[in-house]
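Take any residue in the sequence shown, note its place counting from 1, add 50, and you have its number in the numbering used here.
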Amino acid sequence: MPIKNKILPLEELLYVIKKDEHSHEEIKTLLNKHPQIKFVSLAGLDLRGNATDERIPIELMLEDLEDFLRLGIQTDGSSVVLHNIATLNDAKVIILPDIDCNWYVDYNFSNIDVNTGLPIGTLVIPSFLIHNNKMVCSRSILKKSIKRFKKECKNILNENPHLKEELGIKSEDEIKEIHMTSATELEFWVQTPEDKADEEKLSTSQTLKEQYWKRTEGTVRTAMEKALLMMSKYGFEPEMGHKEVGGVRSTISVTGTQNHIMEQLEIDWKYSDSMQCADNEHFIKQLVMDVFNNHGLEVTFLAKPIEGVAGSGEHTHIGIMAELQNGKKVNVFSHKDFDKRYMSSIGFASLMGILKNYEVINPFVTSTNDALNRLKPGFEAPICIVSSIGHTADFPSRNRSILIGLIKDMENPFATRFELRAPNPNSNTYLVLATCYQSILDGVETICPKLSLDEIEKEFSKEAGEKGYYLEKDRQYRSEEDVFEHYNQAQRNALFGTPPSTVYENVRALDDYPEKLEVLLKADVFTKPIINSYKTATIDIWSNELKGRIIEDNMTLIRNLNKIHDDEISDLDIVNWNRINLLKWDLMKDSVDKKSLFTLLREAIYEENFSKASEYQIIMNEKIKELK
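Here it is as structure tokens:
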């Protein structure tokens with residue numbers, strides 16, 4: 051990467067210290083060999099997925115490496131999202147390094163070490179947050195869910211010969227270990243600073259499909275190529291970078307520079323084990339942002355940065371493998387009769403577990419106003435709790451209108467997996483995976499020892515109103531149709547459940563479905579204090595954003611809506627302006643005998659009447675949409 055006309059020798063840099071290189075001797079040798087690494091940062095992930103980031107001089111770590119790795123560092127936990135846990139009167143939190151994962155070096159290419167001529171590096175160590183001797187962070191929840199899943203899934207397979215027989219495993223063969231793999235993808239928008247979105251141009255370009263998979267140009271191309279090359283150096287094994295559906299063509303100024311850049315991109319990389327997947331994604335987002343920023347481009351990972359235009363998703367792939375004592379591996383979701391059966395009993399039960407319990411998974415997938423703005427019909431964003439597995443077992447399809455689907459490559463049984471389409475770039479992947487694993491295990495434990503594969507498949511494909519052993523009677527869980535075109539909204543709500551309209555409605559599911567919440571609480575993977583902390587933090591952030599940003603932005607919009615017609619007007623102009631003016635008054639103008647909607651919403655928030663605030667938000671959103 052060129053800095054001040056100098057080509058830096060990137061091959062001389064240390065990018066990763068792998069998890070099998072964490073002996074004290076190896077760590078010291080590597081760090082002493084790379085003196086450009088000046089700092090260490092312990093990255094503990096709070097319940098919102100925010101990482102702690104600090105600059106500790108590397109020599110302090112090396113002075114007493116054993117204690118540093120064993121004891122970590124202390125910090126003030128009241129400044130991270132651990133509501134009702136790390137309180138002002140009990141705020142001490144330990145950040146403990148995780149020695150069982152890869153560590154990455156974060157380089158500052160704007161700060162060159164005068165002695166080595168190399169950029170200054172910070173060793174980033176994914177870590178755990180500990181409060182009163184208890185792990186209370188996102189990474190620890192995922193770690194517990196993985197440990198439980200591996201143990202219970204292994205036991206279920208070893209104790210049920212018919213399940214092994216489906217996978218082509220001999221009854222006498224013992225399962226040695228369960229391997230859990232996952233992968234995410236990163237969609238994001240880039241733009242030149244301070245450019246304002248022209249929603250009409252963006253929407254037209256999207257409708258005409260002018261940007262999707264088109265050739266990248268200029269600065270965007272350079273930044274994306276450099277991001278992919280840097281990902282390779284870290285060992286992330288990038289698979290693809292391309293334009294997404296959103297965006298408009300940039301312009302070239304008289305000086306030859308590229309202006310008015312506004313494009314949506316996607317970058318994909320290879321799968322890994324579940325914890326490493328979440329760690330990789332977190333680091334890659336920072337890497338992508340740094341590379342594009344260095345080229346004068348702003349990056350946003352918001353789910354719906356521009357109203358009326360495609361949002362950014364982050365489809366999450368889930369796979370399970372079983373390793374036998376003889377070293378052979380099999381895909382737990384793939385039936386031995388691969389072209390005759392959609393999947394195994396465990397595959398069906400896993401999918402059913404996620405679908406049945408999705409009401410308590412969703413609060414961890416979609417936890418912001420921005421995220422809910424993406425989940426609207428017509429934008430290939432899932433809003434219905436329904437799945438698709440293909441029209442026939444030997445003809446897999448990709449239904450882009452459903453929540454979660456079966457991904458099946460007829461040439462490769464090892465590739466069989468599920469794709470959860472609801473997450474967005476700001477979803478907390480650690481908690482998304484943890485809730486999915488708890489729910490999968492609920493389905494597998496409940497269904498697989500009791501029902502045959504034919505019975506399981508029949509229940510999975512049942513109609514609404516048919517009673518099932520595991521799934522709810524009045525719901526349908528499979529559709530191979532486009533659920534936005536084939537059903538109207540009333541039908542979708544009746545068949546698949548009414549989706550939440552606000553963050554508060556979504557997080558309320560953790561109270562409204564206690565029997566499903568118990569699935570997350572099993573084996574203390576999630577605990578009641580963790581759930582309560584997450585709920586409190588989510589509602590707090592939602593309500594503060596409502597009163598501090600969304601209402602303020604809507605007020606600015608209303609103030610900018612002025613009457614511009616004068617003499618040459620028609621009766622339609624008068625009618626339309628009267629409609630606009632009435633909406634403006636309803637939303638923003640108080641009178642002696644009537645409060646505006648904005649005032650009512652603010653008062654409900656101040657009084658902590660969040661149910662009423664949620665109702666007012668729905669009305670406000672509808673009126674603002676009508677006004678626009």
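We treat Cβ as the ideally placed atom computed from N, Cα and C, and that holds for glycine.
For tyrosine 157 and leucine 63, which I take to be in contact (beta-carbon distance under 8 Å), what is that distance rounded to the nearest angstrom? Locating residue 157 in the sequence shown gives position 107, counting from the first residue. Locating residue 63 in the sequence shown gives position 13, counting from the first residue. Rounded, the Cβ-Cβ distance is 7 Å, consistent with contact.
What would DSSP say about alanine 93, mapped onto helix, strand or coil? As a position in the sequence shown, residue 93 is number 43, starting the count at 1. Strand.
Take valine 304 and list the residues in its own chain whose beta-carbon comes closer than 8 Å to its own, dropping the five residues that flank it on each side. For the purposes of this step, residue 304 is taken as residue 254 along the sequence shown, with counting starting at 1. Confidence in valine 304 is poor, its pLDDT being 47 and thus under 50, which makes the residue's placement unreliable; the coordinate value appears in the next sentence. Result list for valine 304: empty, nothing under 8 Å.
Indicate whether the contact test is met: 3 or more Cβ pairs, each with one atom in the segment 549-563 and one in the segment 589-606, closer than 8 Å. yes
Can you say whether phenylalanine 286 is buried or exposed, counting buried as having 16 or more other CB atoms within 10 angstroms of its CB? Numbered from 1 along the sequence shown, position 236 holds the residue referred to as residue 286. Buried.
Coarse secondary structure for methionine 290, derived from DSSP in three states: Locating residue 290 in the sequence shown gives position 240, where the first residue counts as 1. Strand at methionine 290.
In this structure, what does DSSP give as the bridge partners for glutamine 124? As a first step, residue 124 is located in the sequence shown; it is residue number 74 there, counting from the start. Its beta-bridge partners are Ile144.
Locate the alpha helix (DSSP H) running through phenylalanine 546, then write down its first and last residues. Looking up residue 546 in the sequence shown gives position 496. 539-546 is the span of the alpha helix (DSSP H), which, as asked, contains phenylalanine 546.
Whole-angstrom distance between alanine 587 and valine 131, CA atom to CA atom: For the purposes of this step, residue 131 is identified with residue 81 of the sequence shown, where counting begins at 1. For the purposes of this step, residue 587 is identified with residue 537 of the sequence shown, where counting begins at 1. One C-alpha to the other measures close to 7 Å.
Kindly provide the ranges of any alpha helix (DSSP H) runs that are 4 or more residues long and lie completely inside the segment 509-585, ordered along the chain. 533-536, 539-546, 553-557, 559-562 and 564-571
Measure the alpha-carbon distance for alanine 443 versus aspartate 323 and round it to whole angstroms. As a first step, residue 443 is located in the sequence shown; it is residue number 393 there, counting from the start. As a first step, residue 323 is located in the sequence shown; it is residue number 273 there, counting from the start. Rounded to whole angstroms, alanine 443 to aspartate 323 spans 27 Å at the Cα level.
So isoleucine 77 and leucine 115 are in contact, right, with Cβ under 8 Å, and what is the actual spacing, rounded? As a first step, residue 77 is located in the sequence shown; it is residue number 27 there, counting from the start. As a first step, residue 115 is located in the sequence shown; it is residue number 65 there, counting from the start. Rounded, the Cβ-Cβ distance is 6 Å, consistent with contact.
Do three or more CB pairs link the segment 529-536 to the segment 446-465 at distances below 8 Å? yes
Quick check: glutamate 216 and serine 394, are their CB atoms within less than 9 Å of each other? If you number the sequence shown from 1, residue 216 lands on position 166. If you number the sequence shown from 1, residue 394 lands on position 344. Cβ atoms of glutamate 216 and serine 394: closer than 9 Å.
Bridge partners for proline 467 per DSSP, in chain order? Position 417 of the sequence shown holds residue 467. Going by the sequence as given, residue 467 is arginine instead of proline. Per DSSP, Ile457.
Rounding to the nearest angstrom, what Cα-Cα distance links phenylalanine 660 and alanine 360 in this structure? On the sequence shown, position 610 is the one that residue 660 refers to. On the sequence shown, position 310 is the one that residue 360 refers to. Rounded to the nearest angstrom, the two C-alpha atoms are 29 Å apart.
Start-to-end residues for the alpha helix (DSSP H) that takes in tyrosine 65: Taking the sequence shown and counting its residues from 1, one reaches residue 65 at position 15. Unbroken run through tyrosine 65: none, as it is neither H nor E.
Skipping 5 residues on each side, what residues in its chain have a beta carbon closer than 7 Å to that of isoleucine 630? Position 580 of the sequence shown, counting from 1, holds the residue named residue 630. Closer than 7 Å at Cβ, skipping near neighbours: Leu611 and Leu677.
In this structure, how does DSSP classify lysine 283 when only helix, strand and coil are distinguished? For the purposes of this step, residue 283 is taken as residue 233 along the sequence shown, with counting starting at 1. In this structure, lysine 283 counts as helix in the three-state DSSP scheme.
I need the straight-line Cα distance from glycine 268 to asparagine 182, nearest angstrom please. Residue mapping note: residue 268 aligns to position 218 of the sequence shown, counting from 1. Residue mapping note: residue 182 aligns to position 132 of the sequence shown, counting from 1. Roughly 52 Å between the two C-alpha positions.
Evaluate the contact criterion for the segment 454-474 versus the segment 556-568: three or more CB pairs, one atom per stretch, below 8 Å. no
Based on Cα-Cα distance, which residue from Gly358, Leu405 and Glu209 lies nearest to asparagine 423? Position 373 of the sequence shown, counted from the first residue, corresponds to residue 423. Of the listed residues, the one whose Cα sits closest to asparagine 423 is Gly358.
Exposure of asparagine 381, with buried meaning 16 or more beta-carbon neighbours within 10 Å: As a working mapping, residue 381 is identified with position 331 in the sequence shown. Classification of asparagine 381: buried, given that the 10 Å Cβ count is 16 or more.
Give the single residue among Val338, Met274 and Ile668 whose Cα lies nearest to the Cα of isoleucine 680. With the chain running from 51 to 678 in the structure shown, residue 680 is simply not present.
The segment 405-423 in contact with the segment 518-528 per 3-pair CB rule at 8 Å: yes
Name the residue from Leu545, Leu491 and Thr416 whose alpha carbon lies nearest to the alpha carbon of proline 473. Here residue 473 corresponds to residue number 423 of the sequence shown, with the count starting at 1. Of Leu545, Leu491 and Thr416, the residue nearest in Cα terms is Thr416.
Lysine 214, buried or exposed, once every other Cβ within 10 Å from all chains shown has been counted against 16: By 1-based counting over the sequence shown, the position of residue 214 is 164. Classification for lysine 214: buried.
How should glycine 346 be labelled, buried or exposed, when 16 other C-beta atoms within 10 angstroms of its C-beta is the threshold for buried? The residue given as residue 346 occupies position 296 in the sequence shown. Per the 10 Å Cβ criterion, exposed.
Starting from the C-beta of glutamine 686, find all residues in its chain whose C-beta is less than 6 Å away, skip the five residues before and the five after it, and write them out in chain order. Outside the displayed span of the chain (51 to 678) sits residue 686, for which this structure offers no information.
Buried or exposed: glycine 363, going by 16 or more other Cβ atoms within 10 Å of its Cβ? One-based indexing of the sequence shown puts residue 363 at position 313. Classification for glycine 363: buried.
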